[in-house]
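Everything below concerns the one structure shown next.
Chains as they are written, first to last, in my numbering: chain A, 5 to 364; chain B, 100 to 481.
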């Protein structure tokens with residue numbers, strides 16, 4: 005009982021081949037779009053890679069780039085095959101290649117789906133990665149003289165300026181790290197020494213933030229120092245405090261930014277996956293229809309095309325048996341062409357009879 | 100004295116017409132690009148309109164947009180004219196149109212060249228406009244509660260952060276204006292009162308800058324206040340410190356930004372100008388070459404094409420006083436001497452001749468228009 009059986013006349017087969025040729029070329033363009041999307045995603049992630057702790061997020065764009073290139077190749081070949089498939093003579097060239105090609109395309113299409121799903125599932129992993137990455141970036145903000153960390157200050161400042169955010173969860177995160185390097189602290193000053201002593205770890209903690217946290221929407225000049233002490237500044241009321249610094253944390257802002265990008269990319273990849281699936285189905289129908297035409301012998305007759313020859317369960321069962329038998333060694337018992345041991349006993353008797361007459 | 104006379108055989112005329120048709124369509128695309136470039140420049144100038152005092156510089160993008168649109172029309176008609184040029188029946192329709200057409204085309208082409216020259220020459224005007232505009236913006240930085248100036252602070256902050264600049268000529272411009280509003284000054288404090296008294300105008304001037312002047316590339320946290328006081332900060336020397344603030348002035352940065360934008364656009368428009376000029380010159384040659392063929396029985400003869408029938412001076416004088424004949428045998432006021440004898444007219448009308456423009460360009464025969472020699476009474480009968 006074939007799955008999805010459709011009968012094709014000769015004209016329909018030729019039409020199908022033409023349509024598939026066109027669709028394959030459109031798929032090549034879709035493959036280039038996929039490649040472009042992967043590249044775009046990679047560049048966007050690499051811009052702020054320093055504030056992400058693990059690099060596993062780069063798997064998604066790498067998969068998209070590889071799939072894009074594979075799509076171009078597979079669909080280019082598919083276009084050539086479909087063009088030849090309209091004619092039964094030319095189909096014979098491709099007959100042996102078709103099945104492996106279809107299996108290959110099926111795996112490729114599954115990988116595209118995996119890539120699309122990865123784009124949607126990245127959120128939780130990204131949040132964890134950003135939390136740790138931003139925490140480290142803030143900790144090493146002051147280490148502009150340590151190799152490997154010299155540019156973290158600049159990156160974090162530019163991040164806060166561009167995305168209008170401050171700190172990890174909020175601006176108070178800056179109160180818990182020492183973001184002013186010891187090189188710029190006057191250790192002879194009593195104020196500095198007091199602050200260092202008041203702290204268990206000997207860190208210089210202040211209730212002030214870097215300049216990049218300053219909000220441009222504030223009507224008054226930015227207040228960066230002694231933020232929690234509202235009496236230290238003239239007329240520093242509730243409203244001024246609200247507008248003074250950026251309120252959002254950078255983790256949430258970056259998460260939203262990347263989630264929206266990846267959702268749009270994921271949507272486009274899903275659409276491309278559906279299109280590829282359509283092309284694959286068409287090629288399968290064409291292959292089976294052409295093979296049946298060859299089996300029938302008359303190139304002008306009608307033939308059936310299907311997705312699977314037998315039902316899904318039977319196909320799975322037969323494939324499983326094939327795979328099982330691949331592993332088995334060659335067994336003598338199974339082969340009817342070889343003489344079994346009973347035949348060799350009969351052969352010994354004639355040789356003895358031959359020897360006896362010679363002796364007498 | 101004919102200007103730039105050239106001989107054109109029939110094949111050469113056909114090739115000229117075909118090449119001109121292609122060239123005019125390319126120039127149409129180029130004119131659309133010119134219009135787009137004008138729009139882009141205008142948008143960029145409008146984005147920073149708050150720090151510009153006068154709108155003189157806007158004449159450059161406005162001219163580019165006008166010229167772009169006009170060129171679209173010019174090239175559209177050029178392609179139509181050259182399509183009809185090889186067709187002896189359709190070409191005379193354009194006779195009255197061609198003179199004003201060439202006049203308008205020359206005017207707009209010269210205007211295009213003027214736009215290019217202006218884009219290079221208006222640098223001085225832009226600089227003075229920015230100087231005054233930035234000075235005012237910095238002065239009104241603190242007036243976030245005054246209608247009309249509420250957004251100056253935001254604009255200046257964004258400008259300084261985006262273009263990585265500080266102040267008008269440099270960061271010291273901030274020392275000369277009061278950029279902290281009186282609303283946020285504690286007038287009961289001694290320090291504030293001293294500062295205001297030390298100043299003739301009673302302004303609160305400090306040696307500090309807004310946070311938007313801070314350079315993120317600096318290795319140390321940003322020093323905004325008491326910039327000239329070395330002892331106020333540990334390990335700080337204001338004369339050797341280069342990375343703390345942005346050192347460039349916003350005027351210089353904006354001028355170089357707009358100058359580079361306008362020179363890129365100017366180079367593009369110059370190439371469009373050359374294309375347009377070549378379209379017009381080719382069209383003039385085609386027109387004059389085809390005019391010599393009109394009325395002749397054999398359209399495949401060699402004719403002469405020229406740019407101007409008389410010399411430049413005579414043509415200009417002719418425009419002022421039409422009808423004045425200086426050279427009798429090629430005067431504009433004498434009737435056309437080419438006529439067709441009546442017996443050849445009747446023979447020629449029975450034989451449809453295919454349009455050489457399209458027969459050379461296309462191989463389909465279904466849409467070739469047939470040409471018959473005119474049998475109207477416009478030609479004097481011998």
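Just so it is clear, CB atoms sit at the ideal spot from N, CA and C, and this is done for glycine as well.
For residue 404 of chain B, there is no enclosing alpha helix (DSSP H); the residue is found in the beta strand (DSSP E) stretching over 402-404. Less than 9 Å separates the beta-carbon of residue 8 of chain A from that of residue 310 of chain A. According to the DSSP secondary-structure assignment, residue 313 of chain B is paired through a beta bridge with B/344. When A/6, A/233, A/319 and A/277 are compared, the shortest CA-CA separation from residue 121 of chain A is found for A/277. For residue 102 of chain A, the number of other beta carbons within 10 angstroms of its own is at least 16, and it is reported as buried.
Just so you know, the alpha carbons of residue 281 of chain A and residue 11 of chain A end up roughly 21 Å apart. If the five residues before and after residue 80 of chain A are omitted, its C-beta is found closer than 7 Å to the C-beta atoms of 32, all from its own chain and listed in chain order.
Taking 9 Å as the threshold, the shortest C-beta distance from residue 323 of chain B to chain A falls below it. Residue state for residue 239 of chain B is assigned as coil, using DSSP reduced to three classes. For residue 135 of chain B, there is no enclosing beta strand (DSSP E); the enclosing alpha helix (DSSP H) covers residues 109-146. Judged by DSSP secondary structure, residue 10 of chain A falls within the beta strand (DSSP E) whose first and last residues are 10-12. Think of a sphere of 8 Å around the beta carbon of residue 282 of chain B: the chain A residues whose beta carbon falls inside it are 224 and 239, in chain order. At least one CB of chain A lies nearer than 9 Å to the CB of residue 253 of chain B. Of all alpha-carbon atoms in B/401, B/277, B/267 and B/169, the one lying nearest the alpha-carbon of residue 300 of chain B is that of B/277. Interface with chain A (9 Å Cβ-Cβ cutoff): residue 257 of chain B is included. Cα atoms of residue 362 of chain B and residue 217 of chain B: separation of roughly 10 Å, rounded to the nearest angstrom.
Using a CB distance cut-off of 9 Å, residue 339 of chain B does not count as an interface residue toward chain A. An exposed status is given to residue 399 of chain B, since fewer than 16 other beta-carbon atoms sit within 10 Å of its beta-carbon. Per DSSP, the continuous beta strand (DSSP E) segment holding residue 308 of chain A begins and ends at 307-309. Under the Cβ distance rule, residue 244 of chain B counts among the residues neighbouring chain A, one pair being separated by less than 9 Å.
For residue 37 of chain A, no chain B residue has a Cβ inside 9 Å of its Cβ, as the nearest lies near 25 Å away. Listed in chain order, the alpha helix (DSSP H) runs fully inside the stretch 182-238 of chain B are 194-220 and 222-238, counting runs of at least 4 residues. Under the DSSP assignment, residue 77 of chain A falls in the alpha helix (DSSP H) whose first and last residues are 63-89. In the DSSP secondary-structure assignment, residue 218 of chain A is bridged to A/249.
Straight-line measurement puts the Cα of residue 296 of chain A at about 6 Å from the Cα of residue 307 of chain A.
Ranked by Cα distance from residue 369 of chain B, the options B/334, B/151 and B/210 are led by B/210. For residue 198 of chain A, the nearest beta carbon of chain B is not closer than 9 Å to its own beta carbon. Taking a Cβ-Cβ threshold of 8 Å, the residues of chain B close to residue 215 of chain A are 310, 313, 320, 321 and 323, in chain order.
For residue 7 of chain A, the pairing in a beta bridge is given by DSSP as A/312.
Within its own chain, the residues whose Cβ lies closer than 7 Å to the Cβ of residue 228 of chain A, once the five positions on either side in sequence are excluded, are 212, 213, 215 and 218, listed in chain order.
Here the alpha carbons of residue 30 of chain A and residue 316 of chain A stand approximately 30 Å from one another.
Here the stretch 327-334 of chain B makes contact with the stretch 180-191 of chain A; the two share three or more CB pairs at distances below 8 Å. The Cβ-Cβ distance between residue 143 of chain B and residue 357 of chain B falls below 9 Å. Distance between residue 319 of chain B and residue 148 of chain B, taken at the CA atoms: about 34 Å. Judged by their CB atoms, residue 140 of chain B and residue 159 of chain B are nearer to each other than the 9 Å cut-off. With 16 or more neighbouring CB atoms inside 10 Å of its own CB, residue 39 of chain A falls in the buried class.
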